[in-house]
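Worksheet for the structure shown next.
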Amino acid sequence: GVRLDTLFIDEGFGSLDDQTLDEVLDVLDSLRERDRSVGIVSHVADLRRRIPVRLEVVKERQGSSVRHRL
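Under my numbering, the first residue of the sequence shown is numbered 191, with each subsequent residue one higher.
Structure follows, in structure tokens:
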């Protein structure tokens with residue numbers, strides 16, 4: 191098999207119920223703990239409590255800015 195070191199998921203969480211979201215995030219946490227990089231693009235607010243480090247893109251009047259959150 192092929193080893194994937196980086197995984198990006200774009201808007202894959204909006205239709206999940208709370209229990210399924212927790213299960214999916216547990217799997218993604220286990221990947222991260224095994225030195226895999228996981229990138230998530232999402233508008234789901236509940237993800238903020240589970241993701242320790244974030245890059246947030248904020249729409250502003252003159253364009254967008256990026257903020258690094260720990």
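All C-beta atoms in this analysis are idealised placements derived from N, C-alpha and C, irrespective of residue type, glycine included.
Express the C-alpha separation of E213 and E246 in angstroms, rounding to a whole number.
-> Position 56 of the sequence shown, counting from 1, holds the residue named residue 246. Position 23 of the sequence shown, counting from 1, holds the residue named residue 213. Taking the straight line joining both Cα atoms gives about 23 Å.
Can you give the Cα-Cα distance for G229 and R193, rounded to whole angstroms?
-> Position 39 of the sequence shown, counted from the first residue, corresponds to residue 229. Position 3 of the sequence shown, counted from the first residue, corresponds to residue 193. In a straight line, the C-alpha of G229 is about 16 Å away from that of R193.
Going along the chain, which residues of its own chain have a beta-carbon closer than 6 Å to the beta-carbon of L197, five neighbours each way excluded?
-> Working through the sequence shown from its first residue, we reach residue 197 at position 7. For L197, where only same-chain residues beyond five positions count, the Cβ hits under 6 Å are V228.
Is the region 228 to 244 close to the region 199 to 211, with three or more CB pairs under 8 Å?
-> yes
Can you give, in chain order, each stretch of the alpha helix (DSSP H) that sits fully within the region 206 to 242 and has at least 4 residues?
-> 208 to 223
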